[in-house]
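If you're matching positions, the sequence shown starts at 179 in our numbering and goes up one per residue.
Notes follow the structure.
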Amino acid sequence: MSMDGSVKSSNLQLPSPFSAIAISACIFGFFHLTSPFRFAERYDNGTWLLFLVNLLAISSPAIIHRFRQQDRQWFVTVKTGIPKDARFLHIGIWVILLLSLLGGFLKCYDLFLARGFSLDSNVNELYEQNSEVTASFAGLIASLLYPLGYPTLVVLLGMIREQPDKKSKWMLGVGLAVLACVVAPLNAVALGKRGAVFSVTILVSLALLYYGVRLRKRTMVFGLMGVFVLMLFSSRMFSHRLELKGASSEGAVSIGRFTDLLDMSPGYRSFAKNSETPEMVRSTMYDWAAFHAYVVHGVPEYLYAVENFDPSAHQHGRFTFSLAAKFFSYFTNIYYDSAETASVPPRTFIYSTLFGPMFYDFGRASVFMSLTIGVLLVVVFEKSRTNVFFAPLYLYIYTVVFLSPMICFITLFYGFYYLTACVIAAVYFSICSKVKPAGITYKRINHA
């Protein structure tokens, strides 16, 4: 691969827990410092302190882990832990892969047949249809199946490293797994949303880094440009959806609920509104402002929620883990009302960092939930260093922590579905790897 100057390969590598904290701080710090917006309201010092304590709680395990290590690398070489010639595991991989593809097929059935989507519909019509028509049973099953493509992708990359002589076979599986992975972001872009574009792009990028792909500078530049264009395009689709309702580019930003707690700086607004500025430039500036607001508004939303939340309405886990609560309500006497739970936040249907949903559940005790997630990041990382089947779960938790200043990936962007998929895959593949046909003794090969 190095002959064309694009990529070069190395061993399987996981990003360290500390890198999630450091890179997140740099990226979201940059967006907040360069944002064309400022907070529209002032918040109490105690509210800010709670936010900072949550950040410290989720970060401290990774920081402690970092400084306890003698070799403080950003990426750590790991072992696959895959038994040699694990035939039952091979079958299990293809079974899960086919289930994920079935999920993609059922998702298309749900959209185009059950909900009546049309390729010639505009983004606003598709968005309204998606909001008004309840997902079919096929759509619900699809949401559980197609996320399985992600953990399968990570395991397949490990199989390529373990069995380079069968690379062509496993690369076919990789291609099919990627196909399952793009279902969510394509669906999101079509509806003028951006969440799944963020989350799945991060997950797949982490999978490629895990495989050991190291991009050269030129490829990195083009790759980042591609991601930037995709993000800007999704923002344009969002603005276009609002423009179809009669709003201008400026209005598309102004009437969005994600800007209610933000004020655009006078200088930026003045230049964007200047009649001498070309219309395309003005439109792009507002799209860029919408993208910035999308990234930074979670913090003021969280601060606002803390100061305006009704203390008697804590959900004790039903908000953050709503899908699990809904599932258990079918088999227990635990009462669960999804509409009632969704109406708990002071400002409904808008996200407020990772810590907002946990605050709706546990109040100030949510700090302990933040600490638990931080500990899990380190514990699952150590498990993943010798067992490829836990790597997808680690990369998922890594993404939760990485995105914590912006969203709760557990509740949004199909995050809980990916959590479920990674846990199922870890258990299922571990069982498959231990099944030994009669007369065969497995020997574990751990390539450093």
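Don't be surprised by glycine CBs; every beta carbon is placed ideally from N, CA and C.
Remember, predicted model here, so these are calculated numbers, not experimental data.
Whole angstroms is fine: what's the gap from residue i's alpha carbon to residue j's?
i                 : j                 : result
alanine 450       : arginine 460      : 5 Å
glycine 445       : tyrosine 287      : 48 Å
alanine 626       : isoleucine 242    : Only weak support exists for where alanine 626 lies, its pLDDT of 42 falling under 50; the coordinates are left without a value.
alanine 502       : leucine 289       : 24 Å
lysine 285        : cysteine 359      : 12 Å
arginine 563      : phenylalanine 229 : 32 Å
isoleucine 588    : alanine 264       : 33 Å
valine 356        : tyrosine 221      : 44 Å
histidine 492     : threonine 225     : 17 Å
glycine 270       : phenylalanine 537 : 39 Å
arginine 246      : glutamate 518     : 45 Å
alanine 520       : leucine 322       : 21 Å
serine 194        : glycine 353       : 27 Å
valine 613        : methionine 337    : 17 Å
asparagine 300    : histidine 268     : Residue confidence for asparagine 300 is low, a pLDDT of 48 falling below 50, so the modelled location carries little weight; the figure read from the coordinates is stated next. Asparagine 300 and histidine 268: Cα-Cα distance of roughly 43 Å.
valine 558        : leucine 227       : 29 Å
valine 553        : glutamate 219     : 34 Å
alanine 467       : isoleucine 575    : 29 Å
glutamate 454     : serine 383        : 41 Å
valine 484        : alanine 200       : 26 Å
lysine 262        : serine 213        : 52 Å
phenylalanine 580 : serine 202        : 5 Å
phenylalanine 266 : serine 611        : 7 Å
methionine 458    : tyrosine 464      : 10 Å
If you compare alpha carbons, which of the options is closest to residue i?
i                 : options                           : result
serine 530        : Ala503, Thr212, Ser237 and Met584 : Met584
leucine 590       : Arg250, Val375, Leu323 and Ile205 : Val375
tyrosine 631      : Ile205, Ala468, Pro363 and Val231 : What the structure shows of the chain is the stretch from 179 to 626, and residue 631 is not part of that stretch, so it cannot be assessed.
proline 523       : Ile512, Tyr514 and Pro535         : Pro535
histidine 470     : Phe196, Tyr514, Phe217 and Leu190 : Phe217
asparagine 232    : Tyr389, Tyr596 and Val545         : Val545
leucine 331       : Ile609, Cys600 and Cys610         : Cys600
glycine 476       : Cys204, Phe209 and Ile199         : Phe209
glycine 541       : Thr526, Pro489, Val556 and Ser548 : Pro489
phenylalanine 206 : Phe607, Ser582 and Ala603         : Ser582
alanine 240       : Val578, Ser516 and Val556         : Val556
leucine 335       : Ala385, Leu291 and Ile236         : Ala385
phenylalanine 196 : Cys610, Val605, Tyr606 and Leu573 : Leu573
glycine 495       : Met349, Cys204, Asn452 and Met547 : Met547
glycine 390       : Gly259, Phe253, Phe506 and Val361 : Phe253
alanine 235       : Arg435, Phe487 and Ala543         : Ala543
tyrosine 168      : Ile528, Leu597 and Phe567         : One cannot answer for residue 168 here, as it falls past the ends of the chain, which runs 179 to 626.
proline 255       : Leu280, Ala569, Met463 and Gly317 : Residue 255 is actually threonine in this sequence, not proline. The shortest Cα separation from threonine 255 among Leu280, Ala569, Met463 and Gly317 belongs to Ala569.
glycine 282       : Leu571, Leu326 and Gly259         : Leu326
serine 637        : Ile551, Thr598 and Gln251         : Residue 637 lies beyond the residue range present for the chain, which begins at 179 and ends at 626; the question has no answer from this structure.
Helix, strand or coil for residue i, going by three-state DSSP, please let me know.
i                 : result
asparagine 300    : Because asparagine 300 carries a pLDDT of 48, less than 50, the predicted location of this residue cannot be relied on, and the following value inherits that uncertainty. DSSP places asparagine 300 in coil when its eight states are reduced to three.
arginine 435      : helix
proline 570       : helix
leucine 636       : Residue 636 is absent from the model: the chain starts at 179 and stops at 626.
lysine 614        : coil
glycine 541       : helix
arginine 246      : helix
aspartate 288     : helix
serine 608        : helix
leucine 532       : coil
isoleucine 512    : coil
serine 184        : The pLDDT assigned to serine 184 is 39, lower than 50, so where the model puts this residue is not dependable, and the model offers no usable value.
phenylalanine 283 : helix
serine 582        : coil
proline 524       : coil
asparagine 232    : helix
glycine 495       : coil
asparagine 486    : helix
threonine 577     : helix
histidine 210     : helix
histidine 470     : helix
asparagine 565    : coil
methionine 179    : With a pLDDT of 38 at methionine 179, under the threshold of 50, the predicted position of this residue should be treated as unreliable, and no value is reported.
glycine 390       : coil
histidine 268     : helix
tyrosine 221      : coil
Starting from residue i, follow its DSSP beta bridges and name the residues at the other end.
i             : result
threonine 255 : Gln191
arginine 216  : Asp441
Using a Cβ cut-off of 8 Å (strictly closer), state whether residue i contacts chain B.
i             : result
glutamate 340 : Given the protein chain composition of this structure (a single chain), no chain B is represented.
*Enumerate, from N- to C-terminal direction, the unbroken alpha helix (DSSP H) stretches of 4 or more residues contained entirely within the segment 441-468.*
List check, alpha helix (DSSP H) in window: 444-451.
*Write down every uninterrupted run of the alpha helix (DSSP H) in the segment 309-360 whose length is 4 residues or greater and which is fully enclosed by it, in chain order.*
Counting only runs of 4 or more, we get 315-323, 327-340 and 345-359.
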